[in-house]
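Engineer: Structure incoming, see below.
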Amino acid sequence: MVSPIDGSVLTTLEGASAADVDRAVASARAAFEEGRWSRLAPAGRKKVLHAIADRIEAEALDLAVLGIRDNGTEFNMAYKAEPGSAAGTFRYYAEALDKVAGEIAPTAPDVLGLVHRMPVGVVGAIVPWNFPLMIGAWKLAPALAMGNSVVLKPAETASLTLLRLAEICSECGLPDGVLNVVTGTGAETGSALAHAMDVDVLTFTGSGATGRRLLEASAASNLKRVYLELGGKSPNIVFADAPDLKQAAQVSAKGIFRNSGQVCVAGSRLLVERSVHDDFVALLQAEAEALKVGDPLDLTSHVGAVNSEDQLARNLSFMATAAAEGGEVVTGGRRILAETGGTYMAPTIVTGVTPEATLFQKEVFGPVLAVTPFDTEEEAMRLANATDFGLAAAVWTGSLSRAHRMVAGIRAGVVHVNTYGGADNTVPLGGVKQSGNGHDKSLHALDKYVDLKTAWIQL
Ligand code: ADP
Numbered sequence: 001m002v003s004p005i006d007g008s009v010l011t012t013l014e015g016a017s018a019a020d021v022d023r024a025v026a027s028a029r030a031a032f033e034e035g036r037w038s039r040l041a042p043a044g045r046k047k048v049l050h051a052i053a054d055r056i057e058a059e060a061l062d063l064a065v066l067g068i069r070d071n072g073t074e075f076n077m078a079y080k081a082e083p084g085s086a087a088g089t090f091r092y093y094a095e096a097l098d099k100v101a102g103e104i105a106p107t108a109p110d111v112l113g114l115v116h117r118m119p120v121g122v123v124g125a126i127v128p129w130n131f132p133l134m135i136g137a138w139k140l141a142p143a144l145a146m147g148n149s150v151v152l153k154p155a156e157t158a159s160l161t162l163l164r165l166a167e168i169c170s171e172c173g174l175p176d177g178v179l180n181v182v183t184g185t186g187a188e189t190g191s192a193l194a195h196a197m198d199v200d201v202l203t204f205t206g207s208g209a210t211g212r213r214l215l216e217a218s219a220a221s222n223l224k225r226v227y228l229e230l231g232g233k234s235p236n237i238v239f240a241d242a243p244d245l246k247q248a249a250q251v252s253a254k255g256i257f258r259n260s261g262q263v264c265v266a267g268s269r270l271l272v273e274r275s276v277h278d279d280f281v282a283l284l285q286a287e288a289e290a291l292k293v294g295d296p297l298d299l300t301s302h303v304g305a306v307n308s309e310d311q312l313a314r315n316l317s318f319m320a321t322a323a324a325e326g327g328e329v330v331t332g333g334r335r336i337l338a339e340t341g342g343t344y345m346a347p348t349i350v351t352g353v354t355p356e357a358t359l360f361q362k363e364v365f366g367p368v369l370a371v372t373p374f375d376t377e378e379e380a381m382r383l384a385n386a387t388d389f390g391l392a393a394a395v396w397t398g399s400l401s402r403a404h405r406m407v408a409g410i411r412a413g414v415v416h417v418n419t420y421g422g423a424d425n426t427v428p429l430g431g432v433k434q435s436g437n438g439h440d441k442s443l444h445a446l447d448k449y450v451d452l453k454t455a456w457i458q459l
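Each step along the sequence shown adds one to the number in UniProt numbering, with nothing skipped, and position 403 is 403.
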């Protein structure tokens, strides 16, 4: 594991082979069949999940620092978004798990139709490096809450916090075999998990290319259900009637630049009404240039490191393409602080991005904002929907009617109004179009980890 802060080697991890993955899946299945977790009364599962939440809270600082050294997210975001959010997620599903019930169907009086919600069995979870603990918890907590066993594969560049979380789960009373962690590359370890014949459900957050491979793996193996969260190219739409353009610029800058833009819901396309285009870009430029990029463990840093050299090289290659396609770099566009040995990129704004341009269509997953002007609400709507993605969006307007029209018309899993990026466990997060299927968070996430079973009883 190489730290993006300064390029130092943190530790070395084993890569799980296909045979190792098979053993992990067999262990998960054996634990599920044995029933110490899968048939534990809900109150017992609740107690363990609460204990895990308590322990994450107690260790929040250590977990945050471990994760930051591994993946480079600035402290001010990582502390809240990683241990803070993961603890909240375990607590939410601890509280939820004994409040979801089966059904009695409205059958004829001589029959009793019961609909049971059964755990699916073995869940495979493959997670990315940008928020490993938060996203890991989004998959783990609801899957465990419903009584399943899990085989979890962290990203190869950010595994350490999830390994510690597995220890915490064990120390808090999760029976052996219920949670298994396999470290290694996507091509070997991840692919073996995706092809495993005894995994019932695969839940994933990551790139579209990998998502496609997972669907192929399901088709080539046992037709396991596959839930995908695949990122986006989310429009942040600023109308001239926005209540407060300065505040919109402040929040919009956070919406694209925090965690160096390595956020699936990042507002990476700014669509701005032409009459305020120049003023708004100037406000945003001031915000971007005021951000202190640097050591993510320095509490005064607003933005930390890009996760890896590969990711930084990829971000910079988008800059070359943007220039060739007529975009103008207003600020940023380059590597900075190379002398630290770390991987840092300046917050970047590119104007004049046309709907055909690569920067309009492709997810960078870096601190790069593409700016495109529009003239009418209809054009804004058309541009908002003119990519293959549909994860998140935002609309800044003082008109309630316009806000509702935009919320209804934008094809995305979440549309923010007069803010960017707020949410908690009570609401689902998931995409439409090529941003994926299924939802993390909220009571809806529980549905991914249950099968419905009917009992039809002749009276
Ligand atoms: P990102 O661009 O966020 O790195 P990836 O889709 O490459 O997105 O990675 C997300 C997760 O998917 C990581 O845990 C990675 O190891 C895993 N992964 C990558 N390729 C494959 C694959 N072919 N099969 C299964 N998992 C994979």
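Idealized CB from N, CA, C, for every residue including glycine.
Buried or exposed for Gln262, please, with buried defined as at least 16 other CB atoms from any protein chain shown within 10 angstroms of its CB.
Structural biologist: Mapped onto the sequence shown, residue 262 falls at position 262. Flag for Gln262 reads buried.
Engineer: Within the same chain, show all residues whose beta-carbon is closer than 8 angstroms to that of Gly255, passing over the 5 residues directly before and after it, in chain order.
Structural biologist: Stepping through the sequence shown from its first residue, residue 255 is reached at position 255. Cβ within range, chain order: Asn236, Ala266, Gly267, Ala394, Tyr420, Gly421.
Engineer: Any heavy atom of ligand 1 closer than 7 angstroms to the Cβ of Lys153?
Structural biologist: On the sequence shown, position 153 is the one that residue 153 refers to. The answer is yes for Lys153.
Engineer: Could you say which of Ala249, Ala323, Pro355 lies nearest to Asp279 if we only look at CA atoms?
Structural biologist: In the sequence shown, residue 279 corresponds to position 279, counting from 1. Ranking the options by Cα distance to Asp279, first place goes to Ala249.
Engineer: Regarding Gly186 and ligand 1, is the C-beta to nearest heavy atom distance less than 7 angstroms?
Structural biologist: Counting from 1 along the sequence shown, the entry for residue 186 is found at position 186. Yes.
Engineer: Among Glu14, Lys433, Asp447, His444, which one has its Cα closest to the Cα of Leu160?
Structural biologist: Here residue 160 corresponds to residue number 160 of the sequence shown, with the count starting at 1. Checked all of Glu14, Lys433, Asp447, His444; the closest Cα to Leu160 is Glu14.
Engineer: Ligand 1 heavy atoms versus the CB of Arg382: any closer than 7 angstroms?
Structural biologist: Here the question's residue 382 lines up with position 382 in the sequence shown. Answer for Arg382: no, Cβ out of range of ligand 1.
Engineer: Taking the alpha helix (DSSP H) that Val65 belongs to, which residues open and close that run?
Structural biologist: Position 65 of the sequence shown, counting from 1, holds the residue named residue 65. Note, Val65: alpha helix (DSSP H), 60 to 71.
Engineer: Does the beta-carbon distance from Leu202 to Ala192 come in below 8 angstroms?
Structural biologist: As a first step, residue 202 is located in the sequence shown; it is residue number 202 there, counting from the start. As a first step, residue 192 is located in the sequence shown; it is residue number 192 there, counting from the start. No; because the gap between Cβ atoms is not below 8 angstroms, this pair is not in contact.
Engineer: Ligand 1 heavy atoms versus the CB of Thr419: any closer than 7 angstroms?
Structural biologist: Along the sequence shown, one-based indexing puts residue 419 at 419. No, since every heavy atom of ligand 1 falls outside the 7 angstroms radius drawn around the Cβ of Thr419.
Engineer: Between which two residues does the alpha helix (DSSP H) carrying Leu400 extend?
Structural biologist: Walking along the sequence shown from the start, residue 400 turns up at place 400. 400 to 409 is the extent of the alpha helix (DSSP H) around Leu400.
Engineer: Less than 8 angstroms separating the beta-carbons of Ser17 and Leu10?
Structural biologist: Reading the sequence shown from its first residue, position 17 is the one you call residue 17. Reading the sequence shown from its first residue, position 10 is the one you call residue 10. Result no, Cβ atoms of Ser17 and Leu10 do not sit closer than 8 angstroms.
Engineer: Using the rule of at least 16 other Cβ atoms within 10 Å of the residue's Cβ for burial, across every protein chain shown, is Ala24 buried or exposed?
Structural biologist: For the purposes of this step, residue 24 is taken as residue 24 along the sequence shown, with counting starting at 1. Classification of Ala24: buried, given that the 10 Å Cβ count is 16 or more.
Engineer: Looking at Pro355: is its Cβ nearer than 8 angstroms to the Cβ of Thr372?
Structural biologist: For the purposes of this step, residue 355 is identified with residue 355 of the sequence shown, where counting begins at 1. For the purposes of this step, residue 372 is identified with residue 372 of the sequence shown, where counting begins at 1. Contact flag set, yes.
Engineer: Find out if the Cβ-Cβ distance for the pair Ala408, Gly390 is shorter than 8 angstroms.
Structural biologist: Taking the sequence shown and counting its residues from 1, one reaches residue 408 at position 408. Taking the sequence shown and counting its residues from 1, one reaches residue 390 at position 390. Against a cut-off of 8 angstroms, the Cβ pair of Gly390 and Ala408 comes out as no contact.
Engineer: From Gly7, Gly121, Leu133, Ala19, pick the residue whose C-alpha is nearest to that of Glu57; which is it?
Structural biologist: Here residue 57 corresponds to residue number 57 of the sequence shown, with the count starting at 1. For the residues Gly7, Gly121, Leu133, Ala19, the minimum Cα distance to Glu57 belongs to Leu133.
Engineer: When burial is assigned at 16 or more other CB atoms within 10 Å of the CB, is Leu162 buried or exposed?
Structural biologist: For this step, residue 162 is matched to residue 162 along the sequence shown. Result: buried.
Engineer: Starting from Trp456, follow its DSSP beta bridges and name the residues at the other end.
Structural biologist: Counted from its first residue, the sequence shown places residue 456 at position 456. Gly113, per the DSSP bridge assignment.
Engineer: Say yes only if the C-beta of Glu14 is nearer than 7 angstroms to one or more non-hydrogen atoms of ligand 1, and no if none qualify.
Structural biologist: As a working mapping, residue 14 is identified with position 14 in the sequence shown. Flag unset: Cβ of Glu14 not near ligand 1.
Engineer: Between the Cα of Glu378 and those of Ala392, Arg405, Thr358, Gly436, spot the shortest distance and give me the residue it belongs to.
Structural biologist: Walking along the sequence shown from the start, residue 378 turns up at place 378. It is Arg405 whose Cα lies nearest to the Cα of Glu378.
Engineer: Ignore the nearest five residues each way along the sequence and tell me which others in Arg258's own chain have a CB closer than 6 angstroms to its CB.
Structural biologist: Locating residue 258 in the sequence shown gives position 258, where the first residue counts as 1. The residues are Met77.
Engineer: In or out: Pro83 buried (at least 16 other Cβ within 10 Å) or exposed?
Structural biologist: Counting from one through the sequence shown, the residue named residue 83 turns up at place 83. The residue is buried, with at least 16 neighbouring Cβ atoms inside 10 Å.
Engineer: Between the Cα of Val293 and those of Thr340, Val350, Asp244, Ser85, spot the shortest distance and give me the residue it belongs to.
Structural biologist: The residue you call residue 293 lines up with position 293 of the sequence shown. Minimum Cα distance to Val293 is reached at Thr340.
Engineer: Consult DSSP for Asn180 and reduce its assignment to one of helix, strand or coil.
Structural biologist: Residue mapping note: residue 180 aligns to position 180 of the sequence shown, counting from 1. It is a strand residue.
Engineer: By Cβ distance, which residues of its chain are closer than 6 angstroms to Ala143, with the 5 residues on each side in sequence left out?
Structural biologist: Counting from one through the sequence shown, the residue named residue 143 turns up at place 143. Val123, Val150, Tyr449, listed in sequence order.
Engineer: Could you tell me which residues DSSP pairs with Asn236 in its beta bridges?
Structural biologist: For the purposes of this step, residue 236 is identified with residue 236 of the sequence shown, where counting begins at 1. For Asn236, which the question treats as bridged, DSSP gives the partners Leu270, Ala394.
Engineer: Can you pull the DSSP bridge partners for Ile52?
Structural biologist: To locate residue 52, count along the sequence shown from 1; it is residue 52. In DSSP, Ile52 forms no bridge with anything.
Engineer: According to the Cβ coordinates, are Lys224 and Val199 closer than 8 angstroms?
Structural biologist: Translated into positions along the sequence shown, residue 224 becomes position 224. Translated into positions along the sequence shown, residue 199 becomes position 199. It is a contact, given that the beta carbons lie within the stated cut-off.
Engineer: If I measure Cβ to Cβ from Val415 and keep anything under 8 angstroms in the same chain, skipping five residues before and after, which residues do I get?
Structural biologist: As a first step, residue 415 is located in the sequence shown; it is residue number 415 there, counting from the start. Answer for Val415: Ala392, Ala393, Ala394, Val395, Met406, Val407, listed in chain order.
Engineer: Let's test the definition: count the other Cβ atoms within 10 Å of the Cβ of Ile457 and tell me whether it reaches 16, buried, or not, exposed.
Structural biologist: Within the sequence shown, numbered from 1, the residue matching residue 457 stands at position 457. Classification of Ile457: exposed, given that the 10 Å Cβ count is below 16.
Engineer: Identify the continuous beta strand (DSSP E) that holds Phe374 and give its terminal residues.
Structural biologist: Along the sequence shown, read from residue 1 onward, the residue named residue 374 stands at position 374. Taken as a continuous stretch (DSSP letters only), the beta strand (DSSP E) holding Phe374 covers 368 to 374.
Engineer: For ligand 1, is there a heavy atom less than 7 angstroms away from the beta-carbon of Thr210?
Structural biologist: Stepping through the sequence shown from its first residue, residue 210 is reached at position 210. Within the cutoff, so yes.
Engineer: Can you tell me where the alpha helix (DSSP H) holding Lys139 begins and where it ends?
Structural biologist: Translated into positions along the sequence shown, residue 139 becomes position 139. First-last of the alpha helix (DSSP H) with Lys139: 132 to 145.
Engineer: Give the range of the alpha helix (DSSP H) segment to which Val25 is assigned.
Structural biologist: The sequence position of residue 25 within the sequence shown is 25, counting from 1. Taken as a continuous stretch (DSSP letters only), the alpha helix (DSSP H) holding Val25 covers 18 to 34.
Engineer: Spell out a yes or no on whether the stretch 98 to 113 and the stretch 313 to 327 are touching, meaning 3 or more CB-CB pairs, one atom from each, closer than 8 angstroms.
Structural biologist: Counting Cβ pairs under 8 angstroms, fewer than three are found: no touch.
Engineer: Got a sec: does ligand 1 put a non-hydrogen atom nearer than 7 angstroms to the Cβ of Arg213?
Structural biologist: Locating residue 213 in the sequence shown gives position 213, counting from the first residue. It does: the Cβ of Arg213 is within 7 angstroms (strictly closer) of some heavy atom of ligand 1.
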